[in-house]
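Keeping their order, the protein sequence lines are chains A and B.
Take 3 as the starting number for the first sequence in the working numbering and just add one per residue.
Take 2 as the starting number for the second sequence in the working numbering and just add one per residue.
Virtual Cβ for every residue (Gly too), placed ideally from N, Cα, C.
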Amino acid sequence: MADHLNPMQKMDILIIEDDATEGERLSRLLKENDYEIAGIATNYTAALRMFYEKKVDMVIIDIFLNGKPNGITFAETINITPNALKPFVFLTASKDRQIFESARQTYPFSFLLKPYNELEVLYAIEMSVEKFHNQKKIFSAEGPGTIEALDCFFIKKKNALKKIWISDILYIKVESRYCDIFTKNERFVIMISLFKINELLRQNKFLRTHRNFLVNAEKITEIIPEDNTIILEGNHHIVLSDKYKGIIDDFHVLK
Amino acid sequence: MLNWKVTILSEKPMFWKINWLTYKPIVFFCVFLFFRCMMFHAGKNQSCAVSYCTQYYNMASCNYFLSGKISQKKDKLIRLASAEDKPKPWQQYIFPFITISWVLSLIICGYFFRKGIINNRLILSQKKDLEQLNFAKDKLLSIISHDLRSSVNSLKTSHQRLFEQLEGNNHAQLYRMLQSNAAITNSIYGLLDNLLNWSLLQSKQLYFDLDAIHLLSIVQQVTCDYQPLMVEKGITFQRNIPADLYVLADLDSIKVIMRNLLDNAIKFSDDSSVIKVYATVRDSASCNLIVEDTGIGMKEEIRQQLLQGTFLFNKKKAPGKIAGTGLGLRLCQEMAKKNNASLQIESREHIGTKITIQWPTT
Chain A
3 MADHLNPMQK
13 MDILIIEDDA
23 TEGERLSRLL
33 KENDYEIAGI
43 ATNYTAALRM
53 FYEKKVDMVI
63 IDIFLNGKPN
73 GITFAETINI
83 TPNALKPFVF
93 LTASKDRQIF
103 ESARQTYPFS
113 FLLKPYNELE
123 VLYAIEMSVE
133 KFHNQKKIFS
143 AEGPGTIEAL
153 DCFFIKKKNA
163 LKKIWISDIL
173 YIKVESRYCD
183 IFTKNERFVI
193 MISLFKINEL
203 LRQNKFLRTH
213 RNFLVNAEKI
223 TEIIPEDNTI
233 ILEGNHHIVL
243 SDKYKGIIDD
253 FHVLK
Chain B
2 MLNWKVTILS
12 EKPMFWKINW
22 LTYKPIVFFC
32 VFLFFRCMMF
42 HAGKNQSCAV
52 SYCTQYYNMA
62 SCNYFLSGKI
72 SQKKDKLIRL
82 ASAEDKPKPW
92 QQYIFPFITI
102 SWVLSLIICG
112 YFFRKGIINN
122 RLILSQKKDL
132 EQLNFAKDKL
142 LSIISHDLRS
152 SVNSLKTSHQ
162 RLFEQLEGNN
172 HAQLYRMLQS
182 NAAITNSIYG
192 LLDNLLNWSL
202 LQSKQLYFDL
212 DAIHLLSIVQ
222 QVTCDYQPLM
232 VEKGITFQRN
242 IPADLYVLAD
252 LDSIKVIMRN
262 LLDNAIKFSD
272 DSSVIKVYAT
282 VRDSASCNLI
292 VEDTGIGMKE
302 EIRQQLLQGT
312 FLFNKKKAPG
322 KIAGTGLGLR
332 LCQEMAKKNN
342 ASLQIESREH
352 IGTKITIQWP
362 TT
């Protein structure tokens, strides 16, 4: 999972749209905004095949495929398949209440009305990710809004959402409101809740070495207790304060 | 002037209001049956008593002449007859009872009759209102179709000229014409979109879902579409919306409202004027969203008409533009109302217009 060179990943979007021109237009628009296109499906079966075969982070679904509301059927299908559900956005030209009501039965529901402009598409994508992870008012707020998923963080870089795998993080420096995230070659400022930090610590994925430092347990290469230093992959030196030296006991130390 | 929206028939139908016409014959029939029965019973008993009396009395009087011996019998008979003549206890009460029933039934009938008249009056007035509404609708339809027809016609003729220019390879001219065509198409689209929203709203078919909405994002999204238009007209656009402001609204409603207000502001602004969109927090539960222009403004009379929800039929049409019927602003008002928001218009002729919407916040 963690074998990507660039720790900040583009999101892969699957487009389900029967109109080739519309699909192309949307695909171009998303690519311009630094999203990756997993594929453009023109019917229900192709959509399901692509959804299961490819790496998909979210789906944009046209409700009407060849005159039938198969987009809703698709959403229902991925809704009932365990662990398959991804954030999705419905795309429709109709404001008909009936269609919306049946589309709404699928969760999490967000939609984009045709005709749309660039900003509307980007907003709809952000909303669907927020709704999917049930963390609202994140990306629209000021500051480095961050969605916390199980194994990754979503942050907004310029206009697009990016994904950071937790397993790629070397260490986290906790500041008063924000956190500095250090990966192999990059550094990001994000917002992590105290809850998430505690969860990371509880799962022993991260260890606290200092009041302000959380270190990825898997990335530790060397611990030098007498120097109060931990060395991580890529030769990052981190402070290990006396108060937290207890973490050494958790390792099987060869003597 | 007429009001476009009228509650059809009575607001809250009571049983007699809607069912009176159906119930009327049944009620009358019941009352009739009741009295018919009363009359029949009373009549029968009365006539029985009388006939008994006369029968015995006649017999007795005959016998009186026949024999004195029978006089004893006669007395007995007379006594008997007079005893028969005495009304039985229930017979004593039947007449007041009938009278009371009659009076009661008269009151009931009178009541229903009056209700009937009131109902008729209501129906008549509603009929008049509906006729007026229908007239307004027809008028609106004719104005809009006329506008659409002339706009599409100008596109049609423009296309012919486009072909000519294309043959002559006159690119500068082509570009200019395409630009003007795009503007016409945009304005037609805006009108059609309003018509669709209006009809969906009126027939209650519009999807509606209140949610926390980031105001700044929405304003950015809507202005994005109008940016070229404003650049073309040389309008300075100023936006000042707090980034942490969330309103409780239906996503599409708020977009429709913003689109119309901006469209109007641009349409009624002279070249190189200023349009401001800004929001201020009122209190913990509401904010003001304001769209302000330095355009041609409007007369007080028109402002009143718009606020009352009247369509503007008698307005002079600016050449080359789709005349304002007030449909857009009317739609904004209705949608604002549905979103628990309210819309105010301030305007001074040749100075500008300021439209304030008070939104509930979250």
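What would DSSP say about residue i, mapped onto helix, strand or coil?
i              : result
residue 59(A)  : coil
residue 290(B) : strand
residue 98(A)  : strand
residue 125(B) : helix
residue 238(A) : strand
residue 231(A) : strand
residue 19(A)  : coil
residue 206(A) : coil
residue 263(B) : helix
residue 43(A)  : strand
residue 353(B) : strand
residue 346(B) : strand
residue 359(B) : strand
residue 299(B) : coil
residue 137(A) : coil
residue 269(B) : coil
residue 158(A) : strand
residue 7(B)   : Because residue 7(B) sits at a pLDDT of 41, beneath the cut-off of 50, its placement in the model cannot be relied upon, and the point is left open.
residue 244(A) : helix
Using CA coordinates, which residue listed in the options is at the minimum distance from residue i?
i              : options                        : result
residue 302(B) : 295(B), 292(B), 311(B)         : 311(B)
residue 251(A) : 157(A), 25(A), 221(A), 211(A)  : 211(A)
residue 240(B) : 252(B), 263(B), 250(B), 257(B) : 263(B)
residue 337(B) : 349(B), 177(B), 256(B), 282(B) : 256(B)
residue 89(A)  : 82(A), 232(A), 83(A), 110(A)   : 110(A)
residue 114(A) : 107(A), 106(A), 123(A)         : 123(A)
residue 164(A) : 50(A), 220(A), 131(A), 216(A)  : 131(A)
residue 186(B) : 160(B), 153(B), 177(B), 275(B) : 153(B)
residue 206(B) : 159(A), 102(A), 234(A)         : 102(A)
residue 219(B) : 167(B), 182(B), 254(B), 344(B) : 254(B)
residue 174(B) : 129(B), 162(B), 183(B)         : 162(B)
residue 352(B) : 149(B), 290(B), 271(B), 97(B)  : 271(B)
residue 47(A)  : 248(A), 35(A), 91(A), 68(A)    : 68(A)
residue 220(A) : 172(A), 229(A), 179(A)         : 172(A)
residue 239(A) : 246(A), 231(A), 245(A)         : 231(A)
residue 142(B) : 331(B), 196(B), 282(B), 229(B) : 196(B)
residue 294(B) : 331(B), 100(B), 349(B)         : 349(B)
With a threshold of 16 other CB atoms inside 10 Å of the CB of residue i, please say whether the residue is buried or exposed.
i              : result
residue 89(B)  : exposed
residue 104(A) : exposed
residue 76(B)  : exposed
residue 27(A)  : exposed
residue 53(A)  : buried
residue 61(A)  : buried
residue 323(B) : Low confidence applies here, because residue 323(B) scores a pLDDT of 46, under 50, leaving its location unreliable and the question unanswered by this model.
residue 84(A)  : exposed
residue 288(B) : buried
residue 15(A)  : buried
residue 105(B) : exposed
residue 141(A) : buried
residue 243(A) : exposed
residue 229(B) : exposed
Quick one: measure Cβ to Cβ for residue i and residue j, integer angstroms, because I've assumed they're closer than 8 Å.
i              : j              : result
residue 232(B) : residue 266(B) : Incorrect: roughly 15 Å between the Cβ atoms, too far for contact.
residue 211(B) : residue 247(B) : Not quite, the Cβ-Cβ distance comes to about 12 Å (not below 8 Å), so this is no contact.
residue 17(A)  : residue 29(A)  : 6 Å
residue 64(A)  : residue 93(A)  : 5 Å
residue 222(A) : residue 150(A) : With a Cβ gap of about 23 Å, residue 222(A) and residue 150(A) do not count as contacting.
residue 214(A) : residue 175(A) : 6 Å
residue 23(A)  : residue 74(A)  : Rounded, the Cβ-Cβ distance is 23 Å, inconsistent with contact.
Can you pull the chain A neighbours of residue i, defined as C-beta to C-beta under 9 Å?
i              : result
residue 286(B) : Near residue 286(B) there are no residues of chain A at all, since even the closest Cβ is about 17 Å away, more than 9 Å.
residue 221(B) : 121, 125
residue 225(B) : 119, 120, 121, 122
residue 201(B) : 97, 98, 99
residue 250(B) : Those do not exist, as residue 250(B) stays about 14 Å from chain A at its closest Cβ, beyond 9 Å.
residue 279(B) : Neighbours of residue 279(B) on chain A: none; closest Cβ ~18 Å, over 9 Å.
Using a Cβ cut-off of 9 Å, pull out every chain B residue sitting near residue i, in sequence order please.
i              : result
residue 43(A)  : None at all; the shortest Cβ gap to chain B is about 25 Å.
residue 138(A) : 213
Can you name the residues of chain B whose CB is closer than 8 Å to the CB of residue i?
i             : result
residue 53(A) : Correct list: empty, because the minimum Cβ distance to chain B is about 26 Å.
List the residues of chain A whose Cβ lies closer than 7 Å to the Cβ of residue i, in chain order.
i              : result
residue 218(B) : 125, 142
residue 245(B) : 143, 144
Please list, in chain order, the chain A residues whose beta carbon lies closer than 8 Å to that of residue i.
i              : result
residue 253(B) : 97, 115
In chain B, which residues lie less than 7 Å from residue i when you measure between Cβ atoms?
i              : result
residue 102(A) : 208
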